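Asks: Numbering (our numbering), first residue to last: 1 to 304.
Beta carbons are placed, not taken as given, at the ideal position from N, Cα and C, and that holds for glycine.
Here the structure is a predicted model, which means the values were calculated and not measured.
Take a look at the following structure, please.
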Amino acid sequence: MKINKYILIITALALLFAQKSLGQQDVQFSQYMYNPIEINPAYAGTKEGFIMTGMVRMQWVGVEDAPKTQTFSIHSPIDKNMGLGFTATNDKTGPLNQTMFYWDYSYQIDIGFDSRLSFGLNAGFHIMNLDLLSIDTYNQNDPEQYNLNNRFLPNMGVGLYFYTYNYYVGLSAPRLLEQNFSPTSTGQSLLVRHYFFMGGYVFDLDEVVKVKPSIVFKYTPNTPISFDFSMNLYHERWGVGFSYRQEDAVVGLFQLFLNQQLSVGYSYDYTLSDLRHDSSGSHEFMLRYDFSKRTDRCRPVKYF
């Protein structure tokens with residue numbers, strides 16, 4: 001049996017027959033540190049201007065029907081204390097395809113010592129499609145039992161984000177509502193809550209070289225806490241680094257600043273699980289445009 005069959009069957013069982021599927025259901029990106037609005041709505045509008053970010057992820061290259069994800073986000077301050085954002089994401093894994101649209105709102109307050117606290121809300125929806133008839137191990141005589149077409153799942157989330165000139169911390173739950181998306185009448189497959197804590201600090205090595213460690217802790221009820229740790233080195237025109245995703249992957253990171261507004265990024269994941277025997281790894285590409293005008297190219301807040 002090909003490795004893709006194992007992935008499809010495991011996905012099907014998790015979706016259809018588990019009382020609660022408690023794995024990592026939210027899409028994940030290795031370059032999350034460049035686009036925190038994906039996991040925390042309070043990040044919206046905390047930059048100096050209008051930001052657009054696009055990312056494409058191809059996971060476990062070489063494994064047929066492995067996850068492929070695309071996302072596009074925009075956010076901007078709308079006055080001194082408020083920000084708005086929008087994110088559209090498409091994710092396909094084997095027979096399961098989900099498309100997500102979310103709108104973000106934040107309100108920031110000054111709390112002294114050149115620091116701000118942002119409160120965030122988001123609201124949106126998932127559209128779920130599941131075609132288990134594409135797997136030849138399933139009975140083709142009862143398509144309604146195993147198909148899920150355009151299931152509409154509204155949701156909402158909250159976040160806090162504290163930031164200063166050179167460091168930040170955040171706490172968020174971007175999907176508060178648990179949603180049943182099983183195509184069967186008896187199934188109880190759920191989208192469950194995910195909680196995130198993130199933090200980072202930018203150190204000045206000299207006038208043009210910065211070092212930024214950052215971390216994200218992820219928690220889902222009834223499962224162990226996991227974490228992603230990254231370390232990046234920035235020059236005025238480029239950034240390089242690595243990250244470690246607990247028991248999953250070691251990641252190489254690269255970012256190129258083409259000018260003060262436009263940057264591109266690339267990451268490569270070396271898989272630590274048994275899938276490394278069948279996959280050449282995961283690739284991720286990022287394109288980001290920052291419409292704010294800066295005179296100091298190396299100001300630390302550029303890096304978060």
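Is there contact between the region 49-56 and the region 270-287, where contact requires at least three CB pairs shorter than 8 Å?
Replies: Yes, they touch.
Asks: Less than 7 Å between C-beta atoms, sequence neighbours within five positions excluded: which residues of the same chain meet that for residue 229?
Replies: Hits under 7 Å: 215, 243, 244.
Asks: Alpha carbon to alpha carbon, how far is residue 179 from residue 78?
Replies: Each residue's alpha carbon lies about 32 Å from the other.
Asks: Could you please give the first and the last residue of the uninterrupted beta strand (DSSP E) stretch that includes residue 326?
Replies: For residue 326 there is no data in the structure shown, the boundaries of the chain being 1 and 304.
Asks: Can you tell me which residues form a DSSP beta bridge with residue 116?
Replies: 110, 163.
Asks: Going by the DSSP bridge assignment, what does residue 58 pair with across the sheet?
Replies: DSSP lists 68, 283 as partners of residue 58.
Asks: Beta-carbon separation of residue 265 and residue 31 under 7 Å?
Replies: Against a cut-off of 7 Å, the Cβ pair of residue 31 and residue 265 comes out as a contact.
Asks: Quick one: what's residue 196 bridged to in DSSP?
Replies: DSSP output for residue 196 lists 172, 218 as bridge partner(s).
Asks: For the beta strand (DSSP E) that residue 273 lies in, which residues bound it at each end?
Replies: Run containing residue 273: none; DSSP gives neither H nor E here.
Asks: Nearest to residue 86 by CA position, among 37, 202, 269, 29, is which residue?
Replies: When each option's Cα is compared against that of residue 86, the closest is 37.
Asks: Count the other CB atoms, across all protein chains shown, that sit within 10 Å of the CB of residue 80; report buried if there are 16 or more and exposed otherwise.
Replies: So residue 80 counts as exposed.
Asks: In the DSSP assignment, what residue or residues form a beta bridge with residue 126?
Replies: Paired residues: 100, 153.
Asks: Give the single residue among 226, 304, 223 whose Cα lies nearest to the Cα of residue 213.
Replies: Closest option to residue 213, Cα to Cα, is 304.
Asks: When the cut-off is 7 Å and only beta carbons count, does residue 79 lie next to chain C?
Replies: Protein chain content of the structure displayed is limited to a single chain, and chain C is not contained in it.
Asks: What is the DSSP secondary structure of residue 316, reduced to helix, strand or coil?
Replies: With the chain covering only 1 through 304, there is no way to say anything about residue 316.
Asks: Which one of 103, 119, 276 has the shortest CA to CA distance from residue 110?
Replies: Ranking the options by Cα distance to residue 110, first place goes to 119.
Asks: Since residue 156 and residue 177 are thought to touch, with beta carbons under 8 Å apart, how far apart are those beta carbons, to the nearest angstrom?
Replies: Contact holds; Cβ gap of about 7 Å.
Asks: Return the Cβ separation of residue 115 and residue 83 in integer angstroms, given the expectation that the two are a contact with Cβ distance under 8 Å.
Replies: With 8 Å as the limit, residue 115 and residue 83 do not qualify as a contact, their Cβ atoms being about 16 Å apart.
Asks: Which of the three DSSP states is assigned to residue 51 in this structure?
Replies: In the structure shown, residue 51 sits in a strand (DSSP, three-state: E or B).
Asks: Quick check: what's the CA-CA separation for residue 194 versus residue 256?
Replies: Whole-angstrom Cα-Cα distance: 31 Å.
Asks: So the candidates are 33, 34, 91, 58; which of them puts its Cα closest to the Cα of residue 271?
Replies: Ranking the options by Cα distance to residue 271, first place goes to 58.
Asks: Assuming residue 278 contacts residue 63 under a Cβ cut-off of 8 Å, what Cβ separation, rounded to an integer in Å, is found between them?
Replies: Indeed they touch by this definition, with Cβ atoms about 6 Å apart.
Asks: Smallest Cα separation from residue 261: which of 197, 289, 241, 97?
Replies: When each option's Cα is compared against that of residue 261, the closest is 289.
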